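Novice: Sharing a structure, written as structure tokens. Questions coming.
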Amino acid sequence: MNKDKIVETMGEMDPEFVKEARPKSRSRLALRIGAAAAAVLMLVGVCFAIPKLVNNPGMQEPQKPSVSNDPTMRPVQLEEGWLAAAPGELTFVSYTDPVSEAWVKALGERKAAGGDIAPMDGFMRDLTLELMKEGGNVVWSPSSVYLSLAMLAESADGSTREEILSALGAADMASLRKSAAAILAAENYDDGKVKSLFANSLWFNKENLVNADTVDRLAELYRASTYWGDPNDPGYEEAMRDWLKENTGGLLDDSADKLEMDPRMLLEICSAVCFKGGWGVGFDARYTREKAFRGAHGDKTAEFMYKQNPSGKHFAGAGFKAAVDSIGESGNSIIYLLPDEGVSIEEMLRNVDVGGILANAEEGGVNLSVPKFDISCDSDLIPALKGIGLSECFDDNGANFTQLTDDAGVYVTKVDHSARVMIDEEGIAAAAFTRIEVGYNGGMEMTLDRPFVFIVTGVSGAPLFIGVVNNIA
Amino acid sequence: MNDTEIIKLYFDRDERAISETRASFGGLLLSVAKAVLRDRRDAEEAAWDACMAAWSSIPPNKPANLAAYMGRLARNAAIDLARRNTRLKRGSGEAEAAIDELGDLACKSNTEDEAVERLVFRRVLNGFLSGLTKKKRAIFVKRYWYLLPVKEIARDMLMSESAVKTQLSRMRAELRELLMKEDIYCE
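Here the protein sequences come in this chain order: A and B.
Numbering follows the working numbering, with no gaps: position 322 of the first sequence is 322.
Numbering follows the working numbering, with no gaps: position 7 of the second sequence is 7.
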């Protein structure tokens, strides 16, 4: 059969195969690129070179084309438009005094978009209890980890997915997506009083096949920006770290600098949150006093701030007291929980229901004496996640990530979480990021960074050379 | 108008068959032809040629799936037009590169009966495709049915161009191996 006949007979492929491989519509992509690029600029503030094919009058010139000259480091949706990211633009209404109708309307819409937090409540409590087993301070962002694991669940299938759903307290993917969408819709804003910005991103290894439908879904549902590059390229790794730094407002630069990309990675799922806000009723610095904090490992002097907040709320639970203090003007709050004397933190947490406290806290004001703090944690979440029932996703032979790839031996290799929360008289600043690395198994790890022996063998196995390397010249 | 009604127009030799075909499948014909020709005017010409080919071939043919049938005619018309325009010979197009790659599958046949040859080839081809993963199949079909550039496939499939080329090369080799197992083909 000659080439011409083969070309013609190729036209007789099964119509179903032809249909499933239909090329993506160019015009649809172009529209999505514009929206994606605008959203990325708006939400994240990360700026890259804008390709000529994007012709969106609403877009601005890049402020910092830090990675624009390296093709391995560009966000693909901006470079060529093959993947969409955040659909539509995020617009924020600034707080004014007196408040504008637009601000009230935007706040109402965000509150209406909020979902049922009960499933997250259990997840927060269970994982906190696991993290406490390591001792010391614990700080983490349940919302960030929740979103990251939700994206992981999108990539997984079968019992691997079921385990993640169960850990997150979600009945099925539909309810998980609903909860994730609620977080992103309700908690993503900057009104000048409170900044609460979530950003998600996916970092792919350009050498691997992945399911484009899943990537599209992650981009659409989780507003995930997508990047594509070579994990062996230090610039690509650096770009991921820069993304995390940008999206955590500079609060976690040192933590981000510790992250590395494994050359065998298939995907890095990143989720970041940056939160800053002033107190609804501020602390008066004139009342700040040094006092002893009776810590778990002994007393330590701390700067205690004091305020009388007539609009603060309080709640008495089983074995604890709670004070609810407002942040900004939009309904954000910080809940301080103090166990009764003799009651452990673990015991108290088992009885805490955040939704119940917020709903049932009583008016009447609170007088707060709170130490200034700046606490941060860099955590490997894998042991804690195993503690709440995740196991299959960490199994290098048993994990099922077929929603992402048909390749075997793909599993979760790392789950890193860093968080920092600091408060002072003015307000609160907090940030967190989660990085889940999905990679390939195989091969023993060996780093020859101490004395070793090598032997060069011939085709017959004869030792041609042997060396003992005690020192590197 | 549904497919059966359109096909009836062809059988009745009613010229409205052409306009109804264009109304139902115009977008499909254009997109298929444009993937090959990369030029809208040429694609429109190929789409028209495809309608003419339908007029000439129905009857005797009575396609069970009119969309698939028209898509195939549009593809063939686009390839013919590209050849008429001598674009392929000038080495200007990615379609030419895709077609050249199919030269890897060329083989001698022990039969004079072209229909039998095509039948066997089609059976082996579709069997091979059904055994591939969805993604690999999509790569193959995009390249050899739609004749898309490797760059475009890489973009659609989230892969590097070199990875797409490697996959295509492996799949061609596998398909050739399957063809060689058939009695009617030999090296």
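Just so it is clear, CB atoms sit at the ideal spot from N, CA and C, and this is done for glycine as well.
Since we're looking at a predicted model, the values are computed, not measured.
Tell me which same chain residues have a C-beta within less than 6 Å of the C-beta of residue 104/B, skipping the five on either side of it?
Specialist: Same-chain partners within the cutoff: 172.
Novice: Compile a chain-ordered list of the residues in the stretch 154–180 of chain B whose CB is closer than 7 Å to at least one CB of chain A.
Specialist: Correct list: 155, 156, 157, 158, 159, 160 and 163.
Novice: Starting from the beta carbon of residue 141/B, find every residue of chain A whose beta carbon is closer than 8 Å, and list them in chain order.
Specialist: Within 8 Å Cβ-Cβ: 13, 17, 18, 20 and 21.
Novice: If we define contact as Cβ-Cβ less than 8 Å, is residue 91/B a contact residue for chain A?
Specialist: In this predicted model, residue 91/B has a pLDDT of only 43, less than 50, meaning its place in the structure is not dependable enough to derive any value.
Novice: Check whether chain A comes within 8 Å of residue 79/B, counting only Cβ atoms and requiring the distance to be less than that.
Specialist: Yes, residue 79/B lies at the interface with chain A (some Cβ there is under 8 Å from its Cβ).
Novice: For residue 308/A, does the three-state DSSP call read helix, strand or coil?
Specialist: Residue 308/A falls in the strand class under three-state DSSP.
Novice: Any beta carbon of chain B sitting closer than 8 Å to that of residue 203/A?
Specialist: No, its Cβ sits nowhere closer than 8 Å to a Cβ of chain B.
Novice: Cα-Cα, which of 137/B, 156/B and 61/B is closest to residue 11/B?
Specialist: Here the closest residue by C-alpha is 61/B.
Novice: For residue 4/B, report the span of its alpha helix (DSSP H) as first-last.
Specialist: That run of the alpha helix (DSSP H) goes 3–11.
Novice: I need the boundaries of the alpha helix (DSSP H) containing residue 246/A, first residue and last residue.
Specialist: 234–247 is the span of the alpha helix (DSSP H), which, as asked, contains residue 246/A.
Novice: Grab me the residues of residue 124/B's own chain with a C-beta within less than 7 Å of its C-beta, minus the 5 sequence neighbours each way, in chain order.
Specialist: Closer than 7 Å at Cβ, skipping near neighbours: 178, 179 and 182.
Novice: For residue 289/A, write down the residues that DSSP places opposite it in a beta bridge.
Specialist: For residue 289/A, which the question treats as bridged, DSSP gives the partners 304/A.
Novice: By the three-class DSSP mapping on this structure, what secondary structure does residue 20/B have?
Specialist: Residue 20/B falls in the helix class under three-state DSSP.
Novice: Short of 6 Å in beta carbon distance, which residues of its chain neighbour residue 123/A, apart from the five on each side in sequence? Order them along the chain.
Specialist: Excluding sequence neighbours, residue 123/A sits near 168 and 169.
Novice: Could you give the DSSP three-state label for residue 93/A: helix, strand or coil?
Specialist: In this structure, residue 93/A counts as coil in the three-state DSSP scheme.
Novice: Measure the CB-CB distance between residue 441/A and residue 409/A and report whether it falls below 8 Å.
Specialist: Contact: yes.
Novice: Near residue 340/A, which residues of its chain fall below 7 Å by C-beta distance, leaving aside the five closest residues on each side in sequence?
Specialist: If we look at residue 340/A and ignore the five residues flanking it on each side, its Cβ neighbours are 319 and 320.
Novice: With a threshold of 16 other CB atoms inside 10 Å of the CB of residue 148/A, please say whether the residue is buried or exposed.
Specialist: Counting Cβ neighbours within 10 Å, residue 148/A comes out buried, since at least 16 surround it.
Novice: Just to confirm the assignment, what range does the beta strand (DSSP E) spanning residue 413/A have?
Specialist: Start and end: 410–423.
Novice: Thinking just about the alpha-carbon of each residue, which of 453/A, 451/A and 376/A is nearest to the one in residue 136/A?
Specialist: Of 453/A, 451/A and 376/A, the residue nearest in Cα terms is 376/A.
Novice: Spell out a yes or no on whether the stretch 389–403 of chain A and the stretch 337–356 of chain A are touching, meaning 3 or more CB-CB pairs, one atom from each, closer than 8 Å.
Specialist: At 8 Å Cβ cutoff, the stretches do not touch.
Novice: My guess is that residue 317/A and residue 352/A are in contact by the Cβ rule of under 8 Å, so how many angstroms apart are they, rounded?
Specialist: Going by Cβ atoms, the distance from residue 317/A to residue 352/A rounds to 7 Å, so yes, they are a contact pair.
Novice: If contacts are defined as beta-carbon pairs under 8 Å, then residue 432/A and residue 130/A qualify, I think. What distance do you get, rounded to the angstrom?
Specialist: The pair is not a contact, with the Cβ atoms about 17 Å apart (cut-off 8 Å).
Novice: Taking the alpha helix (DSSP H) that residue 346/A falls in, what are its first and last residues?
Specialist: 345–350 is the span of the alpha helix (DSSP H), which, as asked, contains residue 346/A.
Novice: Give me the DSSP bridge partner(s) of residue 274/A.
Specialist: Bridge partners of residue 274/A: 197/A and 431/A.
Novice: Under 8 Å, Cβ to Cβ, is there at least one residue of chain B near residue 228/A?
Specialist: Yes, its Cβ sits closer than 8 Å to a Cβ of chain B.
Novice: At the 8 Å Cβ level, is residue 8/A part of the contact set with chain B, yes or no?
Specialist: Residue 8/A counts as touching chain B.
Novice: Could you name the residues of chain B that residue 337/A contacts, counting a contact when the two beta carbons are closer than 7 Å?
Specialist: None at all; the shortest Cβ gap to chain B is about 45 Å.
Novice: Can you look up residue 13/A in the DSSP assignment and give me helix, strand or coil?
Specialist: Of the three classes helix, strand and coil, the one that applies to residue 13/A here is coil, per DSSP.
Novice: How many whole angstroms separate the CB atoms of residue 436/A and residue 415/A, which I take to be in contact at a CB cut-off of 8 Å?
Specialist: Contact holds; Cβ gap of about 5 Å.
Novice: Does residue 5/A come out as helix, strand or coil in the three-state DSSP assignment?
Specialist: Helix, per DSSP.
Novice: Pick out the complete alpha helix (DSSP H) segments inside the stretch 160–206 of chain A, 4 residues or longer, and give them in chain order.
Specialist: Entirely contained in the stretch 160–206 of chain A, the alpha helix (DSSP H) runs reaching 4 residues are, in chain order, 173–186.
Novice: Answer yes or no: do residue 121/A and residue 355/A have a C-beta to C-beta separation smaller than 8 Å?
Specialist: Their beta carbons are under 8 Å apart, which means residue 121/A touches residue 355/A by this criterion.
Novice: Could you give the distance in angstroms between the alpha-carbon of residue 302/A and the alpha-carbon of residue 291/A?
Specialist: Using only the alpha carbons, I get a separation of about 6 Å.
Novice: Across which residues does DSSP place residue 314/A in a beta bridge pair?
Specialist: Beta-bridge pairing links residue 314/A to 323/A and 362/A.
Novice: The alpha helix (DSSP H) spanning residue 99/B covers which residue range?
Specialist: Run containing residue 99/B: 94–102, per the alpha helix (DSSP H) assignment.
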